[in-house]
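Residue numbers (the UniProt record's numbering): 1 to 544.
Now the structure itself:
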């Protein structure tokens, strides 16, 4: 469930309360003239502080973090080997780091996370260990610190004992016969220090947002919020780059990712968070164009398949369509479309979406014979910027749209009736329950079903929806562009809202959806193989 966070800043340290966060933010907030809509001022201010913060961060060396310091070597002049103690009563191992912080790891957790070849398959990266053989009160035989990591020796599990060859009977009168032998066969487990620090849960030593980004190969990629000014230099890659190498694909998808907390805070807040930020090496926008693409469905389909599999829906797989109402959806008409995200009615909305305008030609009319093509300008709105503005100017409205669940549907085709798995629906602004980060904007007012919400939420919901719409339709946040044959557009449907002006003439477009998980997998693999120059994934890699 969404937990209200400090306005504007989405990654404040947990020790800061909402009240104390506001005391930090307030001095940086400019006065808002009564003659100018508050959200217009907020859009401009947030975009300007985002640019200033990026410039300041780029000019500074990266600050050390818990996870980065944990990767240092303990055998070649790195930090001292941590201290290790065990406690039978609490059934845990305690590790005291060089910083003086002590992490607690339960014995059952450590035994369950052994990554030796007998417990964890090195190729499939799947657990072989039978978790349910581990005794709830499991105790290690020994635990010691080594330069490589924590070395623990465990008693054998029942299946391990059964696999042991039968031992010869001890001679009468020996210590073994008297039951005083040293420990028998043991199971050794070695846990790397960096892995332990990164996965410390008592206390948390890694920022959960940063850790999640690393798990998906996104470390060092900065999310950039944008408004209409992005039109002066929209993110673009060349078709030959993408089709010619995996490096080109990585460059392409890096511009689309939308999974990191934004550098969006005023200067005072930036100073507070110095130790929790990473210097960005690339920037991502939630969308990108590809130039120089042959204007054919075949070449466009080959292009999107460079990222991942195409997602099949009730619209089909790869689309090639005109405004002929082939499907019961306004997108298949020549009418204007307001800013929205697609497939809000799916439990898992489509991740990426590509459009390629193949042609826009004159149409015949009964009155004048022919009518030249016009209109159809595409509209893009950064949903994460809109949400940041709403949170900054109307925090109560942000809370409402993050909390109140609404129902949606797709029922335009006679053979289709799609609704999400949760009958109550989902909120427009969806957050990661673990981190509180905004991860998905799910909004299409046209697809909204009957509103069934608590009576006390009805008026606040409509009020919040009106404020949200005012931000989405503010010209400062709208990027309008005329699509052209040869330059397809791809965007993250979990972040970027899209729309279209009404048009005259015959337009032919093609495109497809890609699942968000498939796209993130492709990005993570490319980052591992190319950015980190590794062809294989180890059993201790992040995210496993």
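Here a beta-carbon is modelled for each residue, glycine too, at the ideal position from N, C-alpha and C.
- From the listed residues 359, 377 and 307, the smallest Cα separation to residue 321 is found for 359.
- For residue 312 and residue 318, the gap between their C-alpha atoms comes out near 8 Å.
- Closest in C-alpha terms to residue 518, from the list 461, 253, 503 and 299, comes 253.
- Residue 164 counts as exposed, since fewer than 16 other beta carbons sit within 10 angstroms of its beta carbon.
- With contact defined as three or more Cβ pairs closer than 8 Å, the segment 522 to 531 and the segment 338 to 346 are not in contact.
- Distance from the CA atom of residue 41 to the CA atom of residue 224, rounded to whole angstroms, is 18 Å.
- According to DSSP, residue 510 shares a beta bridge with 320 and 356.
- Take residue 539, set aside five residues on each side of it, and the residues of its chain with a beta-carbon closer than 8 Å to its own are 115, 120, 122 and 125, in chain order.
- Around the beta carbon of residue 503, 16 or more other beta carbons sit within 10 angstroms, so the residue counts as buried.
- Within its own chain, the residues whose Cβ lies closer than 7 Å to the Cβ of residue 402, once the five positions on either side in sequence are excluded, are 2, 427, 429 and 431, listed in chain order.
- Burial of residue 284 is indicated by the presence of at least 16 other C-beta atoms within 10 angstroms of its C-beta.
- Rounded to whole angstroms, the Cβ separation of residue 407 and residue 441 is 17 Å, and the two are not in contact under 8 Å.
- Under the Cβ criterion (8 Å, minimum of three pairs), the segment 411 to 420 does not count as touching the segment 474 to 491.
- Going by beta carbons, residue 145 and residue 100 fall outside the 8 Å limit.
- For residue 231, there is no enclosing beta strand (DSSP E), as DSSP marks it with neither H nor E.
- According to the DSSP assignment, residue 142 belongs to the beta strand (DSSP E) that extends over 142 to 145.
- By the CB criterion at 8 Å, residue 43 and residue 292 fall outside the cutoff.
- Taking C-beta atoms as the reference points, residue 93 and residue 143 count as a pair closer than 8 Å.
- The Cβ-Cβ distance between residue 152 and residue 110 falls below 8 Å.
- Distance between residue 388 and residue 158, taken at the CA atoms: about 55 Å.
- Leaving aside the five residues that flank residue 236 on each side, the residues in its chain whose CB is nearer than 6 Å to its CB run, in chain order, 289 and 291.
- Pairing residue 353 with residue 493 gives a Cβ-Cβ distance under 8 Å.
- Boundaries for residue 477: no alpha helix (DSSP H) harbours it, and the DSSP string shows neither H nor E there.
- When secondary structure is reduced to three states using DSSP, residue 309 falls in the coil class, being assigned neither helix nor strand.
- Under the 8 Å Cβ criterion, the segment 386 to 400 does not count as touching the segment 505 to 525, having fewer than three qualifying pairs.
- Residue 491 counts as buried, since no fewer than 16 other beta carbons sit within 10 angstroms of its beta carbon.
- Judged by their CB atoms, residue 373 and residue 386 are not nearer to each other than the 8 Å cut-off.
- Of the other Cβ atoms in all chains shown, fewer than 16 fall within 10 Å of the Cβ of residue 89; this residue is therefore exposed.
- Rounded to the nearest whole angstrom, the CA to CA distance from residue 485 to residue 356 is 7 Å.
- Secondary-structure assignment with DSSP links residue 410 through a beta bridge to 418.
- Secondary structure note for residue 191: its beta strand (DSSP E) is the uninterrupted segment 186 to 192.
- In the same chain as residue 480, and ignoring 5 residues on each side of it, the C-beta atoms closer than 6 Å to its own belong to 377 and 379, in chain order.
- Contact check for residue 108 against residue 150 fails: the beta carbons are separated by 8 Å or more.
- Take residue 482, set aside five residues on each side of it, and the residues of its chain with a beta-carbon closer than 8 Å to its own are 376, 377 and 378, in chain order.
- Residue 314 and residue 333 have their C-alpha atoms roughly 17 Å apart.
- Residue pairing by DSSP places residue 378 opposite 481 and 500 in a beta bridge.
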